[in-house]
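K.L.:
So that we are looking at the same thing, I have put the structure below in structure tokens.
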Amino acid sequence: MADIYDFVIIGSGPSGAVLAYNLSKAGARCLMLEAGKEFTSSTFPANELSANTSLMWNGGMDTTTDASVLFLRGKTLGGGSIINQCLLDRFDDNAFDDWRGRTGVDFFSTKAMSQYYDEVESKLSLHTMEKTDWNRNAELYVEGFEKCGMDWAPLRRGQSNCGEGNDCIVCLGGCPRESKQSTLVTYIKMAREHGLKVETEFNVSQIVHGTNLVSVFGEQRGSTRQVYGRRCIVAGGALGTTHMLLKSGFKDKLPALGNNFNCHPQFMNIALFDEIVDSHKGAFQSVKSQDPRFREQGFKLENVFAGPIAIALLNPGFGLDHQRFMQKYRNMACIEVAVRDATAGKIDIDRTGRLKIKKTMADADWQRANAGLQVVEELFTTLGAREIMKSPIKIGLHLMGGCTLGKEGGSSVVNEAFQVHDHPNLFIADSSIFPSAPGINPALSIMALAQKASEHILDECGVKSERTKQPYSGVEVQI
Amino acid sequence: MNAIAVKNSVTLDTLYEINETSEEQVKAIYDRAREEFKNLKKTTTKERVAELKKVRDEIFENREIIVEKVVQETGKSRTDAVVSEVMGVLDYADWIISNTPKILADKKVSTPISLMGKKSKIFHEALGPVLIIAPWNYPFNIAMVGIFTALAAGNTVVFKPSEVTPLKGLIEAMMKASPLLQRCVTVVYGSGSTAQKLIDQRPAKIFFTGSARTGKKILSQAANYLIPVELELGGKDQMVVFDDVNIARTVAGCLWGAMTNAGQSCTSVERVYVQQGIYQAFVSKLKEETAKLVLNAGDEGDADIGGITASFQLDIIRKQVDEAKESGADIIVGGELLSDDMPFYMPTIIEHASTDMTVVSDETFGPVITISPFNGEQEVIDVSNNTEFGLSASVWSKDLKRAERVARALEVGAVSINNVMLTEGNPALPFGGTKQSGFGRIKGAEGLLGMTQSKAILVDKQSAKIEANWYPYTRAKYKLFGQFIEALFGKGLQKWIKFAISGIKLESESQKPRG
Ligand SMILES: Cc1cc2nc3c(=O)[nH]c(=O)nc-3n(C[C@H](O)[C@H](O)[C@H](O)COP(=O)(O)OP(=O)(O)OC[C@H]3O[C@@H](n4cnc5c(N)ncnc54)[C@H](O)[C@@H]3O)c2cc1C
Chain A
1 MADIYDFVII GSGPSGAVLA YNLSKAGARC LMLEAGKEFT SSTFPANELS
51 ANTSLMWNGG MDTTTDASVL FLRGKTLGGG SIINQCLLDR FDDNAFDDWR
101 GRTGVDFFST KAMSQYYDEV ESKLSLHTME KTDWNRNAEL YVEGFEKCGM
151 DWAPLRRGQS NCGEGNDCIV CLGGCPRESK QSTLVTYIKM AREHGLKVET
201 EFNVSQIVHG TNLVSVFGEQ RGSTRQVYGR RCIVAGGALG TTHMLLKSGF
251 KDKLPALGNN FNCHPQFMNI ALFDEIVDSH KGAFQSVKSQ DPRFREQGFK
301 LENVFAGPIA IALLNPGFGL DHQRFMQKYR NMACIEVAVR DATAGKIDID
351 RTGRLKIKKT MADADWQRAN AGLQVVEELF TTLGAREIMK SPIKIGLHLM
401 GGCTLGKEGG SSVVNEAFQV HDHPNLFIAD SSIFPSAPGI NPALSIMALA
451 QKASEHILDE CGVKSERTKQ PYSGVEVQI
Chain B
480 MNAIAVKNSV TLDTLYEINE TSEEQVKAIY DRAREEFKNL KKTTTKERVA
530 ELKKVRDEIF ENREIIVEKV VQETGKSRTD AVVSEVMGVL DYADWIISNT
580 PKILADKKVS TPISLMGKKS KIFHEALGPV LIIAPWNYPF NIAMVGIFTA
630 LAAGNTVVFK PSEVTPLKGL IEAMMKASPL LQRCVTVVYG SGSTAQKLID
680 QRPAKIFFTG SARTGKKILS QAANYLIPVE LELGGKDQMV VFDDVNIART
730 VAGCLWGAMT NAGQSCTSVE RVYVQQGIYQ AFVSKLKEET AKLVLNAGDE
780 GDADIGGITA SFQLDIIRKQ VDEAKESGAD IIVGGELLSD DMPFYMPTII
830 EHASTDMTVV SDETFGPVIT ISPFNGEQEV IDVSNNTEFG LSASVWSKDL
880 KRAERVARAL EVGAVSINNV MLTEGNPALP FGGTKQSGFG RIKGAEGLLG
930 MTQSKAILVD KQSAKIEANW YPYTRAKYKL FGQFIEALFG KGLQKWIKFA
980 ISGIKLESES QKPRG
């Protein structure tokens with residue numbers, strides 16, 4: 001009945017899992033709460049549609065208020081790491097310098113962070129994609145880059161043993177081989193060995209912060225539930241964490257809550273070739289753009305593809321036309337433009353407490369997007385594509401910000417010790433603390449920041465798990 | 480001198496220390512209070528309420544500071560603090576400010592015909608320095624209600640807060656808004672031993688709010704000096720629910736009445752009696768809603784139930800519930816501390832508790848209720864009256880006639896019908912108990928008058944006339960008195976004519992000297 005823990009950790013993605021492991025290992029009683037269900041490698045949903053509905057918030061259909069950007073975010077034990085591609089890159093100087101410039105926070109540097117990157121990388125199995133891993137889509141990508149004189153590089157991915165002859169695209173719906181280094185098979189597994197307790201299908205709706213206690217209120221499988229932590233770590237991701245804080249009324253004291261929302265808007269571009277490309281086969285992402293000119297212009301080109309439902313969504317037509325389009329699924333190659341947001345959006349809630357996300361592309365963002373789209377067109381044309389289709393829909397996979405880290409309460413939500421300003425028992429070290437869009441895959445850096453946060457939290461709080469029943473003191477009632 | 484550590488009741492960190500007050504200090508305090516009383520006595524009620532208004536405004540301006548300090552020392556949830564300690568005080572202050580001149584105005588009373596030509600009235604006079612001793616559960620509210628009432632009536636005040644929650648300096652700071660009244664209130668810090676010294680200096684009256692045990696001690700000490708005492712003691716309040724109620728609303732009222740201020744109210748619901756027909760439905764709804772209550776303190780207004788302020792009280796709660804459990808009662812919700820190192824007791828519901836268990840016979844003063852079914856009206860009256868206490872109660876029924884019938888039959892000082900703990904929400908209603916819950920009333924006109932003594936005044940004119948009942952007594956006068964009594968109190972026609980005649984005769988007879 002009296003559920004009280006040293007730490008209640010809300011969210012099980014890259015951030016929550018790393019913190020849960022470090023704190024449990026240090027001897028703290030930790031409880032992890034996750035809104036989604038727990039799956040195992042053998043129970044992950046079998047197809048794309050059921051993956052979307054069982055592994056994502058709102059069936060993968062979160063959008064901005066004007067429906068111009070579609071956000072995908074994980075809702076399952078493991079969070080985004082279950083549905084992501086697990087490309088694990090460190091941030092470069094360019095990204096950290098920008099953060100340091102905005103916040104004045106010194107540890108935002110490749111040097112200061114390298115120790116934490118090292119620590120998390122040592123716990124993960126990393127694989128740099130080799131030429132033998134390439135599918136035809138990757139081959140075309142590299143061919144195009146070389147012909148056009150652009151720099152590319154192999155991707156580094158968190159995977160242990162993918163085996164032979166599988167189509168990695170399915171692992172966006174949960175890796176069936178325990179190879180993809182999701183938190184489920186890495187940090188959560190290790191944390192459980194150190195006593196982490198996990199409760200799934202627990203949707204937190206309110207956090208009540210007190211002097212030395214945090215009450216976490218929510219619903220689990222139709223019933224009201226409450227748990228208590230001496231401290232609470234909110235790791236629900238940019239949207240999840242910001243949403244929980246907004247719903248709990250924290251905006252009063254934290255005026256910057258909800259600001260600085262970025263999402264690396266992505267534009268999928270499909271090119272139809274006469275040949276069979278079979279982009280969905282094999283390793284579905286192997287290479288990336290590494291051209292300094294792109295970085296300067298604020299975009300990245302992704303060698304990527306998607307399942308048939310996502311692809312179908314890209315072409316907004318109906319009927320025969322659409323069917324004809326989808327019949328060419330095997331002839332499709334794909335390069336995506338990922339924009340490094342220049343203009344931040346805003347996360348808010350409406351009167352019923354539902355998320356309200358504003359994220360518009362301003363001129364500066366369109367400039368970046370168009371620069372990228374132009375390059376893609378150049379690449380596909382060079383490769384002899386029969387038809388090029390630019391997506392009208394923008395997708396946001398890297399959801400960041402809302403609870404920015406910074407020194408000062410007026411413009412940020414979390415301080416340098418990852419503590420929410422004015423709320424000493426509440427910590428955040430997930431994607432919501434990003435001060436701006438780095439333009440680089442975020443997951444590894446989220447983990448490195450969570451690693452650093454673990455250090456601060458253990459320093460600050462120590463660990464207190466002794467629980468002995470006190471005798472009655474027997475003091476008489478006085479006036 | 481022993482220092483007493485005042486603690487943040489949640490973190491248990493020492494906030495500051497207070498010291499017991501010495502006998503010499505106490506004497507000096509009373510000398511001053513008596514001196515100031517002479518000045519205050521000269522003021523009119525209008526002048527005094529104008530000064531009280533300044534203090535009231537100061538409280539209004541400083542409400543966040545008050546909430547902050549109360550929360551620190553009591554560990555209550557922020558909303559509990561703002562509603563009872565700020566809103567409650569302002570509400571009462573406004574009432575006393577606008578009603579005192581009326582209530583304390585000299586009162587004309589009728590004069591009987593036998594005293595024809597004379598006028599009668601009552602002056603409501605201040606008592607002198609009064610001693611107010613307050614508990615730790617509503618440290619600002621009970622302090623200010625007492626102080627405002629005493630000052631409105633024209634008394635000076637010696638106020639002793641609980642050593643658990645002295646709110647050091649807070650009341651003094653609020654009083655500063657009125658230099659006149661500031662001089663009339665002295666806050667004296669210390670524990671029971673200081674209280675004893677304060678009683679020994681013979682205040683004009685003692686107002687004590689707290690436990691029955693301490694109340695008895697105070698009363699016996701005061702008896703030596705014939706100091707009048709008013710006692711607001713504990714309660715074991717019953718909530719009587721008939722089967723024609725809206726269950727959801729009644730359950731919500733039950734939970735608030737039982738859990739507000741973490742049950743540390745003398746008028747908290749502690750015993751719930753629900754009519755058989757809806758008993759099961761009521762209990763299951765109660766369980767469901769209890770699960771939604773959030774414990775915390777130091778919150779931003781979003782926690783429901785705060786901490787238990789005094790560690791000795793926490794022990795009493797634990798002991799009562801643990802004993803009930805051992806004796807066979809069923810703890811259907813809660814029944815334990817959230818954590819041993821924090822003063823949060825889980826909201827607790829107990830079924831099958833019996834009168835031989837302390838959780839039923841004694842005041843619990845925690846977030847704990849016992850619940851049991853009943854069949855008929857008379858049964859629930861008898862069962863729920865079967866307690867030493869008699870502070871307040873609530874009766875819930877759509878049938879208002881029945882509710883009022885039951886309200887009359889309950890041996891308590893206040894009954895809320897279809898609501899809970901609401902009589903104290905109206906400053907115009909008197910507050911106080913029966914049986915072991917004490918006597919005397921605070922609040923309302925009665926409360927204000929309780930801070931005064933009534934002085935009877937009869938006015939006659941200057942003349943040479945000698946009154947009939949004055950000397951000398953003569954046979955003739957004796958006979959005339961006989962006729963006069965016959966006329967005044969007897970039956971029959973022409974009564975008033977006889978009365979007039981005998982009256983005139985008696986009056987003229989009375990002017991004659993003896994012999
Ligand atoms: C399709 C896809 C591909 C991606 N590919 C890559 C990639 O290759 N490389 C990369 O670096 N990044 C990638 N990302 C992004 C990356 O996965 C996320 O940035 C990362 O998972 C964010 O980590 P987080 O810990 O901040 O939050 P999340 O991983 O989103 O975890 C938050 C968890 O909290 C839970 N939660 C939220 N609210 C509540 C609540 N109220 N109550 C209880 N639980 C709650 C959620 O259900 C979720 O499980 C990809 C994302 C997607 C969608």
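Chains as they are written, first to last, in my numbering: chain A, 1 to 479; chain B, 480 to 994.
All residues carry an ideal CB built from backbone N, CA and C; glycine is no exception.
Given the structure is predicted, the values throughout are model-derived calculations rather than measurements.
At 3 residues or longer, and completely inside the segment 821-884 of chain B: list those beta strand (DSSP E) runs for me, N to C.
P.N.:
Those beta strand (DSSP E) runs which fall completely within the segment 821-884 of chain B and span 3+ residues are 827-830, 847-853 and 871-875.
K.L.:
Would you list the residues sitting across from B:Glu809 in a DSSP beta bridge?
P.N.:
Note on residue identity: the sequence assigns Asp, not Glu, to residue 809 of chain B. Paired residues: B:Glu830.
K.L.:
Which residues in the same chain have their Cβ closer than 7 Å to the Cβ of B:Gly919, if we skip the five residues on either side of it in sequence?
P.N.:
So the list reads Glu709, Leu710, Gly911 and Gly929, once near-sequence residues are dropped.
K.L.:
Go ahead and pull the three-state DSSP assignment for A:Leu449.
P.N.:
Note: A:Leu449 maps to helix in three-state DSSP.
K.L.:
Report buried or exposed for B:Phe619, applying the criterion of at least 16 other Cβ atoms within 10 angstroms of its Cβ.
P.N.:
With 16 or more Cβ atoms within 10 Å of its Cβ, B:Phe619 is classed as buried.
K.L.:
For the segment 221-243 of chain A, enumerate the residues whose C-beta is nearer than 9 Å to any C-beta of chain B, in chain order.
P.N.:
Hits within the stretch, in order: Ser223, Thr224, Arg225, Gln226, Tyr228 and Arg230.
K.L.:
Just to make sure I have the definition right: I need the residues of chain A whose C-beta is within less than 8 Å of the C-beta of B:Thr490. Which are they?
P.N.:
Correct list: Thr211 and Asn212.
K.L.:
Under the criterion of a Cβ to heavy atom distance below 8 Å, does A:Leu257 qualify as lining ligand 1?
P.N.:
No, Cβ of A:Leu257 sits at least 8 Å from all heavy atoms of ligand 1.
K.L.:
Give me the DSSP bridge partner(s) of A:Pro255.
P.N.:
None, per the DSSP bridge assignment.
K.L.:
Specify, as a first and last residue, the run of the alpha helix (DSSP H) that B:Ala512 falls within.
P.N.:
First-last of the alpha helix (DSSP H) with B:Ala512: Glu502 to Lys520.
K.L.:
Would the C-beta of A:Pro14 count as close to ligand 1, meaning under 8 Å from any of its heavy atoms?
P.N.:
Yes, Cβ of A:Pro14 sits closer than 8 Å to a heavy atom of ligand 1.
K.L.:
In the segment 353-373 of chain A, which residues sit with their C-beta less than 8 Å from some C-beta in chain B, listed in chain order?
P.N.:
Against chain B - using a Cβ distance shorter than 8 Å - the segment 353-373 of chain A contributes no residues.
K.L.:
Is the closest heavy atom of ligand 1 to the C-beta of A:Ala443 under 8 Å?
P.N.:
Because some heavy atom of ligand 1 lies under 8 Å away, the Cβ of A:Ala443 counts as near it: yes.
K.L.:
Under a Cβ-count criterion, where at least 16 other Cβ atoms within 10 Å of its own Cβ denotes burial, should A:Gly104 be classed as buried or exposed?
P.N.:
The residue in question, A:Gly104, is exposed, as its Cβ has fewer than 16 Cβ neighbours within 10 Å.
K.L.:
How about A:Gly372: is its Cβ closer than 8 Å to a heavy atom in ligand 1?
P.N.:
Flag unset: Cβ of A:Gly372 not near ligand 1.
K.L.:
Is the beta carbon of B:Phe853 closer than 9 Å to that of B:Val859?
P.N.:
In this structure, B:Phe853 lies closer than 9 Å to B:Val859 by Cβ.
K.L.:
So with CB distances below 9 Å, who are the chain A contacts of B:Ala776?
P.N.:
By Cβ distance, chain A contributes Gly210, Thr211, Asn212 and Leu213.
K.L.:
Quick one, which residues of the segment 759-775 of chain B are near chain A if we go by CB-CB under 7 Å, in chain order?
P.N.:
Listed in sequence order: Ala770, Lys771, Val773, Leu774 and Asn775.
K.L.:
Using a beta-carbon distance cut-off of less than 7 Å, what residues from the segment 678-711 of chain B approach chain A?
P.N.:
Hits within the stretch, in order: Gly689, Ser690, Arg692 and Thr693.
K.L.:
Given 8 Å as the limit, tell me if A:Thr241 has its C-beta closer than that to any heavy atom belonging to ligand 1.
P.N.:
Checking every heavy atom of ligand 1 against the Cβ of A:Thr241, one is found closer than 8 Å.
K.L.:
Do three or more CB pairs link the segment 586-603 of chain B to the segment 764-776 of chain B at distances below 8 Å?
P.N.:
Touching, no, given that fewer than three Cβ pairs across the two stretches are closer than 8 Å.
K.L.:
Indicate the three-state DSSP secondary structure (helix, strand or coil) for A:Ala443 in the structure shown.
P.N.:
In the structure shown, A:Ala443 sits in a helix (DSSP, three-state: H, G or I).
K.L.:
Just how far apart, CA to CA, sit B:Ser840 and A:Val208?
P.N.:
Approximately 35 Å between the Cα atoms of the pair.
K.L.:
For A:Arg221, collect the residues of the same chain with a Cβ closer than 6 Å to its Cβ; drop the 5 residues on either side in sequence, then sort them by chain order.
P.N.:
Same-chain partners within the cutoff: Glu201.
K.L.:
Establish whether the CB of A:Gln470 and some CB of chain B are separated by less than 9 Å.
P.N.:
For A:Gln470, the pLDDT reaches just 49, beneath the cut-off of 50, and the residue's location in the model is therefore unreliable, although a value from the coordinates is still provided. Judged by the 9 Å Cβ criterion, A:Gln470 is in contact with chain B.
K.L.:
Count the other C-beta atoms from every protein chain shown that fall within 10 angstroms of the C-beta of B:Gln495, then say buried if there are 16 or more, exposed otherwise.
P.N.:
Checking the displayed sequence, the identity of residue 495 of chain B turns out to be Tyr instead of Gln. The residue is exposed, with fewer than 16 neighbouring Cβ atoms inside 10 Å.
K.L.:
Between which two residues does the beta strand (DSSP E) containing B:Cys733 stretch?
P.N.:
It is not in any beta strand (DSSP E) - B:Cys733 instead sits in the alpha helix (DSSP H) that spans Ile726 to Met738.
K.L.:
Quick check: the segment 182-202 of chain A against the segment 5-25 of chain A, are there 3 or more CB pairs under 8 Å?
P.N.:
They touch, by the three-pair rule.
K.L.:
Considering Cα atoms alone, identify which of B:Gly814, B:Gly869, B:Gly785 and B:Thr788 is closest to B:Arg797.
P.N.:
Here the closest residue by C-alpha is B:Gly814.
K.L.:
Run through DSSP, which three-state label would A:Cys171 get?
P.N.:
If DSSP states are grouped into helix, strand and coil, A:Cys171 belongs with the helices.
K.L.:
Under 9 Å between the Cβ atoms of A:Asp350 and A:Lys358?
P.N.:
No, they are not a contact pair.
K.L.:
Can you tell me where the alpha helix (DSSP H) with A:Val18 in it begins and where it stops?
P.N.:
Element bounds for A:Val18: Pro14 to Lys25.
K.L.:
Which chain B residues sit within Cβ distance under 8 Å of A:Gly249?
P.N.:
Residues of chain B passing the Cβ test: Glu779 and Asp781.
K.L.:
Could you spell out the range, first to last residue, of the alpha helix (DSSP H) harbouring A:Cys148?
P.N.:
First-last of the alpha helix (DSSP H) with A:Cys148: Arg136 to Cys148.
K.L.:
Extract the residue ranges of the beta strand (DSSP E) inside the segment 618-649 of chain B, only unbroken runs of 3 or more that lie entirely within it.
P.N.:
Within the segment 618-649 of chain B, the complete beta strand (DSSP E) runs of at least 3 residues are 635-639.
K.L.:
If the cut is a Cβ gap below 8 Å, which residues of chain A does B:Met653 touch?
P.N.:
Going along chain A, no residue has its Cβ under 8 Å from B:Met653, so there is no contact; the nearest lies around 23 Å.
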